[in-house]
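In this note's numbering, the protein residues as written are 5 to 233.
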């Protein structure tokens with residue numbers, strides 16, 4: 005046993021110190037949102053959307069598939085995880101009315117497509133919300149999603165040659181894999197468990213040969229930590 009201030013851990017236990025349970029962690033609250041198209045047949049013109057969701061029955065089957073996946077994610081999570089009821093929306097107007105999204109730490113967006121007539125409006129509104137987001141698209145795990153084909157060029161790069169989105173980036177996009185979704189949610193759980201926490205600094209909170217206040221400023225600004233000494 006390594007000695008700490010002249011006392012070994014075995015002596016501490018011998019003195020009757022009981023093990024204390026770790027403090028409980030609040031759950032990561034996630035809002036699942038399915039964005040989907042539902043085309044209407046039109047006379048003598050192209051009317052079907054790109055992708056595998058084409059009817060109301062397809063939408064209902066996809067919602068059931070999503071609910072099963074959420075149960076699997078929650079069962080496999082080794083961290084506190086809570087999913088709000090999934091929302092299915094068509095277009096930016098319906099997305100803006102998802103009231104409980106404000107309660108969520110993060111969004112899990114099932115990006116099948118858009119049914120509001122403006123393909124970019126919906127995903128661009130998600131970007132402006134500024135929440136941590138996992139952008140999930142299907143290739144082989146279910147009906148093909150439009151944004152599997154269009155996410156890079158039309159969303160992340162906004163029809164340019166450069167990364168244009170700021171809060172939802174290429175590395176936040178997952179194709180098919182629930183394991184890839186889960187580790188991203190685990191990382192977000194750790195992040196949100198750290199933000200706005202209190203830290204006791206033994207001695208002083210600054211690094212060697214650097215002004216304390218200058219070193220604390222980014223800690224408070226970026227991580228919103230309360231550092232006490």
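All residues carry an ideal CB built from backbone N, CA and C; glycine is no exception.
Note that the coordinates shown come from a computational prediction; the quantities given were computed from them, not determined experimentally.
Item                                                                                                                                                                                : Value
Looking at C-alpha atoms only, which residue of 29, 213, 176 is the closest neighbour of residue 110?                                                                               : 176
Would residue 37 be called buried (16 or more neighbouring beta carbons within 10 Å of its own) or exposed?                                                                         : buried
Less than 7 Å between the C-beta atoms of residue 91 and residue 129, yes or no?                                                                                                    : no
What are the boundary residues of the beta strand (DSSP E) that residue 114 is part of?                                                                                             : 110-115
Let me know the secondary structure DSSP gives residue 218 once reduced to three states.                                                                                            : helix
Relative to the alpha-carbon of residue 112, which residue among 93, 136, 98 has its alpha-carbon at the smallest distance?                                                         : 136
Which residue from 213, 211, 148, 196 puts its Cα closest to that of residue 226?                                                                                                   : 196
By the 10 Å Cβ neighbour count, where 16 or more other Cβ atoms means buried, how is residue 39 classified, buried or exposed?                                                      : buried
With a cut-off of 8 Å on the beta carbons, I'd call residue 185 and residue 108 a contact; round off their distance for me.                                                         : Going by Cβ atoms, the distance from residue 185 to residue 108 rounds to 15 Å, so no, they are not a contact pair.
With DSSP collapsed to three states, give me the class of residue 140.                                                                                                              : strand
Can you check DSSP and say which residues form a bridge with residue 202?                                                                                                           : 230
Just the Cα atoms here: how many angstroms apart are residue 181 and residue 208?                                                                                                   : 45 Å
Within 10 Å of its beta-carbon, does residue 206 have 16 or more other beta-carbons around it, so buried, or fewer, so exposed?                                                     : exposed
Got a sec? Which residues, its chain only, sit under 6 Å from residue 153 by beta carbon, not counting five neighbours each side?                                                   : none
Return yes when the C-beta of residue 114 is under 6 Å from any heavy atom of the ligand MN, and no when it is not.                                                                 : In terms of ligand content, the structure shown is empty, and the ligand MN therefore cannot be addressed.
For a quick check, are the C-beta atoms of residue 47 and residue 190 less than 7 Å apart?                                                                                          : no
Count the other C-beta atoms from every protein chain shown that fall within 10 angstroms of the C-beta of residue 218, then say buried if there are 16 or more, exposed otherwise. : exposed
Helix, strand or coil: which one does DSSP assign to residue 135?                                                                                                                   : coil
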